[in-house]
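Just below is one structure, and these are the notes that go with it.
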Amino acid sequence: MKQLLKLVLLAALCAALLCGCGSKDSQSSGTTSAANTSAESSDSSAETANLTAFSAETLDGETFSQADFSDYSLTMVNLWTTWCGYCIQEMPALQEVYESLPDGVNMISICCDADEEAELAKQILSENGCAFQTLIINDTLELSLLQYIQGFPTTVFVDSSGTIVGQMQVGAPSAQENKIADAYLSLIEDRLNQLPVASETGI
């Protein structure tokens, strides 16, 4: 697991102009907005990555799998690490998004180093008032999703079967911290519009 995360971090260094955090050594002091380097991935990663078959433990000790996506038309999935200052900086905005989700939409996060830093991850979420479920990275999630991302934070949107909808969002979607939540909500609306009509009305 550590080896794959290292490979992701190496790829992230090459994409440093696109995302907030590339590696532990290159993380920001946290004084700069996470959105300064935002982009939607334009490669085929979103077509290759998927969350259609997995099961993972949450930080609360529960089990979350692709079956949980079936209760919603769309689920926003935010990937982050405990050492990424940009990830932590956008946490309050993520909670704002969670509290403002439209009907039929859910939001979760995946902490990509929670297998080693579970207590720190819990502390970060608690300090930022985050109530959404957070999954602990495991081998299945690394192979199906983590290996395809360019850096942290990255956000993907999946339909009721766990198939990714649209491109991956690398970094925060707005350069203005007070507009990050609204920008994410706009992305949610965009992804909902990309769903087949049957998926939107099947809830």
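Residue 22 is where the sequence shown starts when you use the working numbering, and the numbers rise one by one after that.
Using N, Cα and C, we set each Cβ at its ideal position, and we do this for glycine too.
- A residue is called buried when at least 16 other Cβ atoms come within 10 angstroms of its Cβ; S147 does not meet this threshold and is exposed.
- By alpha-carbon distance to L213, the top candidate from L164, Y93, E61 and P113 is Y93.
- Shown here, I145 sits in a helix according to DSSP, grouped into three states.
- According to the DSSP assignment, M97 belongs to the beta strand (DSSP E) that extends over L95 to W101.
- Only exposed fits G82, as fewer than 16 other CB atoms lie within 10 angstroms of its CB.
- An exposed status is given to E68, since fewer than 16 other beta-carbon atoms sit within 10 Å of its beta-carbon.
- Per DSSP, D211 is one residue of the alpha helix (DSSP H) stretching across I201 to Q215.
- In the DSSP assignment, M189 falls outside any alpha helix (DSSP H), carrying neither H nor E.
- Within the DSSP secondary-structure output, F173 pairs in a beta bridge with C42.
- The beta-carbon distance between S165 and F75, rounded to whole angstroms, is 6 Å. This is short enough to meet the 8 Å contact definition.
- The alpha helix (DSSP H) runs lying completely inside the stretch 104-171 and spanning 4 residues or more are 106-110, 112-120, 139-148 and 160-165, given in chain order.
- Taking each of G183, P174 and I158 in turn and checking the Cα distance to I201, the smallest one comes out for P174.
- Boundaries of the beta strand (DSSP E) harbouring F85: T84 to S86, taken from the DSSP string.
- Counting C-beta pairs closer than 8 Å gives fewer than three between the stretch 177-185 and the stretch 131-151, which falls short of the contact rule.
- For the options A193, S121 and D160, the alpha carbon positioned closest to that of A135 is the one of D160.
- The beta carbons of C132 and C42 sit no closer together than 9 Å.
- With a threshold of 16 other beta carbon atoms within 10 Å, N199 falls short and is exposed.
- Listed in chain order, the non-local C-beta contacts of K143 below 6 Å within the same chain comprise L80, local neighbours out to five positions each way being set aside.
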